[in-house]
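Colleague: The structure is given below, and queries will be raised subsequently.
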Amino acid sequence: MPISLGELATQFGCELIGDPDVVVDDVASLHNAGPGSLTFLASPAFREYLNSTRAAAVIVRSADAEGVPTAALINDNPYACYARMAAVIRPAPVYEPGVHSSAVVAATATISDTAHIAANAQIGDRSSIGHNSYIGPGCVVGTDCAVGDDCRLIANVTLVKKVILGARVIVNPGVVIGADGFGNAMTDDGWVKIPQLGGVQIGDDVEIGANSTVDCGALGDTILEDGVRLDNLVMIGHTVRVGAHTAMAAMAGIGGSTVIGKRCQFAGMSGTVGHVTICDDVVVNGQGMISKDVTEPGTYASSYPSAKVREWNQMVARVRRLDVLAERVRKLEKGSK
Amino acid sequence: MPISLGELATQFGCELIGDPDVVVDDVASLHNAGPGSLTFLASPAFREYLNSTRAAAVIVRSADAEGVPTAALINDNPYACYARMAAVIRPAPVYEPGVHSSAVVAATATISDTAHIAANAQIGDRSSIGHNSYIGPGCVVGTDCAVGDDCRLIANVTLVKKVILGARVIVNPGVVIGADGFGNAMTDDGWVKIPQLGGVQIGDDVEIGANSTVDCGALGDTILEDGVRLDNLVMIGHTVRVGAHTAMAAMAGIGGSTVIGKRCQFAGMSGTVGHVTICDDVVVNGQGMISKDVTEPGTYASSYPSAKVREWNQMVARVRRLDVLAERVRKLEKGSK
Amino acid sequence: MPISLGELATQFGCELIGDPDVVVDDVASLHNAGPGSLTFLASPAFREYLNSTRAAAVIVRSADAEGVPTAALINDNPYACYARMAAVIRPAPVYEPGVHSSAVVAATATISDTAHIAANAQIGDRSSIGHNSYIGPGCVVGTDCAVGDDCRLIANVTLVKKVILGARVIVNPGVVIGADGFGNAMTDDGWVKIPQLGGVQIGDDVEIGANSTVDCGALGDTILEDGVRLDNLVMIGHTVRVGAHTAMAAMAGIGGSTVIGKRCQFAGMSGTVGHVTICDDVVVNGQGMISKDVTEPGTYASSYPSAKVREWNQMVARVRRLDVLAERVRKLEKGSK
Chain Y
0 MPISLGELAT QFGCELIGDP DVVVDDVASL HNAGPGSLTF LASPAFREYL
50 NSTRAAAVIV RSADAEGVPT AALINDNPYA CYARMAAVIR PAPVYEPGVH
100 SSAVVAATAT ISDTAHIAAN AQIGDRSSIG HNSYIGPGCV VGTDCAVGDD
150 CRLIANVTLV KKVILGARVI VNPGVVIGAD GFGNAMTDDG WVKIPQLGGV
200 QIGDDVEIGA NSTVDCGALG DTILEDGVRL DNLVMIGHTV RVGAHTAMAA
250 MAGIGGSTVI GKRCQFAGMS GTVGHVTICD DVVVNGQGMI SKDVTEPGTY
300 ASSYPSAKVR EWNQMVARVR RLDVLAERVR KLEKGSK
Chain P
0 MPISLGELAT QFGCELIGDP DVVVDDVASL HNAGPGSLTF LASPAFREYL
50 NSTRAAAVIV RSADAEGVPT AALINDNPYA CYARMAAVIR PAPVYEPGVH
100 SSAVVAATAT ISDTAHIAAN AQIGDRSSIG HNSYIGPGCV VGTDCAVGDD
150 CRLIANVTLV KKVILGARVI VNPGVVIGAD GFGNAMTDDG WVKIPQLGGV
200 QIGDDVEIGA NSTVDCGALG DTILEDGVRL DNLVMIGHTV RVGAHTAMAA
250 MAGIGGSTVI GKRCQFAGMS GTVGHVTICD DVVVNGQGMI SKDVTEPGTY
300 ASSYPSAKVR EWNQMVARVR RLDVLAERVR KLEKGSK
Chain W
0 MPISLGELAT QFGCELIGDP DVVVDDVASL HNAGPGSLTF LASPAFREYL
50 NSTRAAAVIV RSADAEGVPT AALINDNPYA CYARMAAVIR PAPVYEPGVH
100 SSAVVAATAT ISDTAHIAAN AQIGDRSSIG HNSYIGPGCV VGTDCAVGDD
150 CRLIANVTLV KKVILGARVI VNPGVVIGAD GFGNAMTDDG WVKIPQLGGV
200 QIGDDVEIGA NSTVDCGALG DTILEDGVRL DNLVMIGHTV RVGAHTAMAA
250 MAGIGGSTVI GKRCQFAGMS GTVGHVTICD DVVVNGQGMI SKDVTEPGTY
300 ASSYPSAKVR EWNQMVARVR RLDVLAERVR KLEKGSK
C-alpha cells in the first residue's frame, strides 16, 4: 500500500528529515532498494551501503542520520520500526470470511462469522474459531480446541485436542500441537504407554515455525506464554512451560516438564533435558545443552567452533590423552621437590 | 470411566490398603490430585508431596505404603501400573466404524468393516486397513501398504508405499513413513539419484512421535521391531533396523543401513552415522553421536555440559592450546633429566 | 522392466563381459541378488560378497572385473551406473494426466494437460504446474508458485507462496517451502514480527527430503541452485543461498542469510549460524557447526566421538581443570629456572 513519508512519520512517531509528500510503495534492503522503497539501517555491518542507497527513505537512529543521502526517518529501534512500517506497506493477505465447500466442520464446532476456513480444512467436535481467524488449506483442528481472534494457521497444521490459542497466533505449515508426549514405563513385557491426558495453552502473539511440534501435557497442560517465538523444527515436550517473549531458533528442543523463564533465547540446535528449571533472561548458544537448573541470567554454551578436520582430530587426541599429561606433570612435581 | 478401587486391585493384581468401594473417575499428579483421583508415587523426587496429597488412592511400592495418607494400591512398578489403570479410567477415544464421505479410497484397497477412515483421508491401491484401526483426518496411506489391527494414525500422517504396520501401532501427526532415503551417486554432471526400492516393516506396539520420518529401504526394507518407541522429529534412515523395545527421544537421528539392538535408549538429539552396528542394551546420552560399531552394552556420551559462556570460551581456548602445554611439559621433562 | 545385458551395455556405454542375451528384471545387493538381478560393486567393503553372488550380472570397475563369477558390466562409476540402470529396470510410477475430482484448483491457476493433480491437492491463485508433473495427495501449492516440468511432490507437501521449482524437482512428504522465516525485532513490548516478503527459487534436479523446511526470503529470495540434495528434517533459513550440487544429510540446519558454495557436503546434524559465507567444496562432518566464514575448501569438524560415559565424564572433568594443570606447569617452569 503506497503511503507518504509524512504519514509514516506521524503514524509511528518518528522525526522525518526530508519531503513528507514522497510516497513509498515497497520495502527493501539498503543495497537493493529502488526509488519507491523504504529501507533501514539497524546494524553497523550494513553502514557501508548507506551512502549509495537509492531508497526513498532510510529508517535510522539519530546518530546515523547525518550519513543518510535521502530522506531519513529517525527512530531509536530502526529494525522494529521497519517491521511495523513494512506491515503497512506490504500487508499480510486478507481472506474473505466463509467456509469453503470442501471443508469439514463438526456440528458441535463454533466458527466466527468473520473467520475463513479454507479448502479441505477440518474443525472437530466442540472446537471454536475466533473472529478474523484464518484456518488454511489442509489444516486439522481436532476436538475441544479453541482458536482465538486474528489467528492464522497457514496450511496443513494439526491441532490434536484441547489446544487453546490466544489472539494473533501464527502457526506455520506442518506444525503439530497437542500430540501425545513421550511417556513410557518399562516393564518385563516392554514399554507401556503413559496416557497423555493434558492439553496445550498458547498465549497471545505467539508464532510457531514450520514443522515444529508442541506436545500436550501428560497430566497438566503444556504452556507457551504470550509473545513466545519458535522457529522451524523446534520440539517442545509434554508439560513444558515457556515464559513470555522467549524465542527459540530452529531445531531447539525442550525436554518434558521443563520450565523456562521469560525473555530467554535459545539458538539453533540448542536445548534442555527434561525436568529442569531455567530462570528469566537466559541465552543458550548454538548446540548448547542445558542439563541442570539455571538460576542465574546470562549466556551459556557447550559447543566448540569448527576447525579443519586434521587440527580437530589432533586436538581431540590430545584431550583424550589429558590423563597422561596430568600424570607427567605429577611426576615432574614429585621430582622437583 | 469411574471404577472402584476394589475393581482396580482385582483387575491389575495389586494389594489394596483401604476401602474397596471408593470410586475414582480421574487421574492426576500427587500434588494436583483431588478427591476422585487416582495418583502414583514412582520417583523419590515426588515423595515430599505424598503426605499432603488429596487423592482418593495412591499407587506405591510396598516400601512406600506406610507414608500414604489415603488408600494405597501396592505394586512393584507404580508408573506402569498407573499407565494401565489410567488407560481404563481415561480411555482413548473410540470411533464409529465407517468411511467418511470425503475420504478417497482406491477400488483395490481393503478396509475392515470395523475400521474408521476419517474426513479427507486417502487409501491407495492394494492397501489394507485392519480391524478397529483409525485412519485420522488428512492421512495419506499410499500404495501397497498394510495397516494392522487396532492401529491409530492420528492426523496428516503419510505412508508412502510398501509400509507394513503391525498391531496397535500409533502414528502421531505429520509422521512420514516410507519416503525415499538419501541415496545419491556423484558424477561429473552432479548427483544421480539412487532409486529407493524397498519398503518399511513396523512391528506390533510401536509408537512414532509427531513429524518423525522413517525412510523406505534402498533395496531391502527398513525395520522397526516390536515395541519400538520414537519421540517427535526422529529420523530413521533407509534400510535401518531398530531392535525390539528400543526407545529414541526427540530429534534422535539414525544414519542409513545402521543396525541397532534391542532395549537400546537414545536420548534427545543423539544419533549414529550410517552403516554401524550397535548391540543390545546400549544407552546413548543427549547429543551423543555413535560413529563406529558398539559391541558392549552400557552408556555412551560425547557432549559437554553447558557453562557460562565466558568460562566456556576460556576452556575452549585452553583446549586449543593443549599442544603448547604439552610442549612445555616436554621441555620440563628434558630439563629435569 | 526386463532388459538384456546387451541393451544395458549399449544404452549406458559399458563394456560387457558375458552373454548379451541374458535378461535382468530386478536389482539387488550383492549378497541378496538372485538369478534375474543386476547388482554392483562400488565399495571395497562389499568385495567379500562378490565371489558368492548369485546375480545375473555385476557392475564393476575394470580393476574388479576379474573376480566376477557372473557377467560383468564394466564402468568407472559403478554406483552411478547402477542408479541409472535401476531407474530403467524399476522405473518410478507413472500417473495418468488429469485433475482428481476432489482436488481444488484456483480459477487463476494454470495446469499442464500432462500434469497429474491427486486427490485433495490444492493449487492456489496464479500458480502453475508444468508438463508431466505430479502433485500428490494432500499437497498444498499456495499462491504465485510455479512448479516446473517433470516434478514430483509426493504427498502432503506445502508450497506457501512465491515458490519457483525448476525441472525434475522431487519434494518428499511433509516438506514446507516458503513459510515465513524467523525474523523478530525486540521492543519494550516484546517481539515484533519482521514481515517475510521474499520467495524461494529452486533450480533443476533438486530433491528435498521428508519434513524438511525451506523458508522464504525476508526481502530477497531463498535460493537452492541446480542439483542440490537435502535429506529429511533439514532446515534452510530465510534468504539463504545454497550452491549447485551441495548435499545435506538429515537434520542439517542453515541459519538465515548464509551463502553456501557449490559441491559442499553437510553431514547429519551439522550446520551453520546465520550470515556466514562458505566457499565451494567444503565438507562439514556430523554435528559440526560453522560459526564464521569459510574461505578454504576442505573438511571441517567440531564434534567428539562417543566414549563410555565413565571415561567421558573423567575426560570432561580433566578438561574443566585445565586451568589448574596449566598453573601447575607454570609453577614448575618457575621452579626450574
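Chains as they are written, first to last, in numbering that gives the first Met the number 0: chain Y, 0 to 336; chain P, 0 to 336; chain W, 0 to 336. Each residue gets a CB set at the ideal place from its N, CA and C atoms; glycine is no exception. Owing to the predicted nature of the structure, the values given are computational and were not obtained by experimental measurement.
Could you check the C-alpha separation between Thr-245 of chain Y and Ile-235 of chain W for me, to the nearest Å?
Modeller: 22 angstroms
Colleague: Could you run through the stretch 143-169 of chain W and flag, in chain order, every residue whose CB is less than 9 angstroms away from some CB of chain P?
Modeller: Ile-153, Ala-154, Asn-155 and Ile-169
Colleague: Bridge partners of Ala-178 of chain W, per DSSP?
Modeller: W:Asp-214
Colleague: Locate the alpha helix (DSSP H) running through Leu-321 of chain W, then write down its first and last residues.
Modeller: 321-335 is the span of the alpha helix (DSSP H), which, as asked, contains Leu-321 of chain W.
Colleague: Is there a Cβ of chain Y sitting closer than 8 angstroms to that of Asp-230 of chain W, yes or no?
Modeller: no
Colleague: Does chain W have any CB closer than 8 angstroms to the CB of Asp-179 of chain P?
Modeller: yes
Colleague: Whole angstroms is fine: what's the gap from His-30 of chain P's alpha carbon to Leu-49 of chain P's?
Modeller: 8 angstroms
Colleague: Tell me which residues of the stretch 309-322 of chain P have at least one Cβ-Cβ distance to chain W shorter than 7 angstroms, keeping chain order.
Modeller: Listed by position along the chain: Met-314, Arg-317 and Val-318.
Colleague: Under 6 angstroms Cβ to Cβ from Gly-141 of chain Y, same chain only, skipping five residues before and after it: list those, please.
Modeller: Gly-123, Leu-158, Val-159 and Lys-160
Colleague: Using CA coordinates, which residue listed in P:Arg-320, P:Ala-306 and P:Val-323 is at the minimum distance from Ala-316 of chain W?
Modeller: P:Ala-306
Colleague: So, with DSSP's three-state summary, where would you put Tyr-133 of chain P?
Modeller: strand
Colleague: Helix or strand or just coil, what does DSSP make of Glu-224 of chain W?
Modeller: coil
Colleague: Starting from the beta carbon of Thr-107 of chain Y, find every residue of chain P whose beta carbon is closer than 9 angstroms, and list them in chain order.
Modeller: What Thr-107 of chain Y touches in chain P: nothing, since even the nearest Cβ is about 14 angstroms away.
Colleague: At a Cβ threshold of 8 angstroms, is Asp-214 of chain W touching chain C?
Modeller: Included in the structure are the protein chains Y, P and W, with no chain C among them.
Colleague: Give me, in chain order, the residues of the same chain whose beta-carbon lies closer than 6 angstroms to that of Asn-284 of chain Y; leave out the 5 immediate sequence neighbours on both sides.
Modeller: Ala-266 and Ala-300
Colleague: Mind listing the chain W neighbours of Pro-172 of chain Y? Cutoff is C-beta to C-beta under 7 angstroms, in chain order.
Modeller: Correct list: Thr-157, Val-159, Val-175 and Ala-178.
Colleague: Between which residues of its own chain and Gly-252 of chain Y is the CB-CB distance below 6 angstroms, once the five residues before and five after are set aside?
Modeller: Met-234 and Gly-270
Colleague: So within the stretch 24-54 of chain W, which uninterrupted beta strand (DSSP E) runs reach at least 3 residues, ignoring any that extend past its ends?
Modeller: 36-39
Colleague: Quick check on DSSP: helix, strand or coil for Gln-121 of chain W?
Modeller: strand
Colleague: Among residues of its own chain, excluding the 5 on either side of Asp-24 of chain P, which ones have a beta-carbon nearer than 6 angstroms to its beta-carbon?
Modeller: Pro-1 and Gly-35
Colleague: Quick one: list the residues of chain W neighbouring Pro-34 of chain Y, beta-carbon separation under 7 angstroms, in chain order.
Modeller: None at all; the shortest Cβ gap to chain W is about 16 angstroms.
Colleague: Would Tyr-78 of chain P count as contacting chain Y if we go by Cβ distances under 8 angstroms?
Modeller: yes
Colleague: Determine which residues of the stretch 287-306 of chain Y have a Cβ less than 9 angstroms from any Cβ of chain P, and write them out in chain order.
Modeller: Gly-287, Met-288, Ile-289, Ser-290, Lys-291, Val-293, Glu-295, Gly-297, Thr-298, Tyr-299, Ala-300, Ser-301, Ser-302, Tyr-303, Pro-304 and Ala-306
Colleague: Please confirm whether Ala-249 of chain W has its beta-carbon closer than 8 angstroms to some beta-carbon of chain Y.
Modeller: no
Colleague: For my contact list, Gly-287 of chain W and Asp-225 of chain W are in at a C-beta cut-off of 8 angstroms; report their separation, rounded to the angstrom.
Modeller: Between Asp-225 of chain W and Gly-287 of chain W the Cβ distance is about 25 angstroms, and since that is not below 8 angstroms, they are no contact.
Colleague: From the DSSP output, in three-state form, read off Ala-306 of chain P for me.
Modeller: Ala-306 of chain P falls in the strand class under three-state DSSP.
Colleague: Give me the Cα-Cα distance between Ala-82 of chain P and Gly-97 of chain Y, rounded to the nearest whole angstrom.
Modeller: 43 angstroms
Colleague: Could you tell me which chain Y residues have their CB closer than 8 angstroms to the CB of Pro-194 of chain W, listed as they occur along the chain?
Modeller: Val-26, Ala-82, Ala-85, Ala-86, Arg-89 and Ala-91
Colleague: For Gln-10 of chain P, is the classification buried or exposed, using 16 other Cβ atoms within 10 angstroms of its Cβ as the cut-off for buried?
Modeller: exposed
Colleague: Out of P:Pro-136, P:Glu-65 and P:Gln-121, state which residue places its alpha-carbon closest to the alpha-carbon of Cys-144 of chain P.
Modeller: Checking every option, the nearest Cα to that of Cys-144 of chain P belongs to P:Gln-121.
Colleague: Can you list, in chain order, the residues of the stretch 40-65 of chain Y whose Cβ is nearer than 7 angstroms to any Cβ on chain W?
Modeller: Going along the stretch 40-65 of chain Y in chain order, one finds no residue with a Cβ nearer than 7 angstroms to chain W.
Colleague: Kindly say whether Gln-264 of chain Y, judged by its beta-carbon, lies nearer than 8 angstroms to any beta-carbon of chain P.
Modeller: With 8 angstroms as the cut-off, Gln-264 of chain Y does not count as an interface residue toward chain P.
Colleague: Based on DSSP bridge pairs, tell me the residues matched to Lys-192 of chain W.
Modeller: W:Asn-183
Colleague: Grab me the residues of Pro-43 of chain P's own chain with a C-beta within less than 8 angstroms of its C-beta, minus the 5 sequence neighbours each way, in chain order.
Modeller: Contacts found: none.
Colleague: Using DSSP's beta-bridge definition, name the partner residues of Tyr-299 of chain Y.
Modeller: Y:Val-283 and P:Lys-307, per the DSSP bridge assignment.
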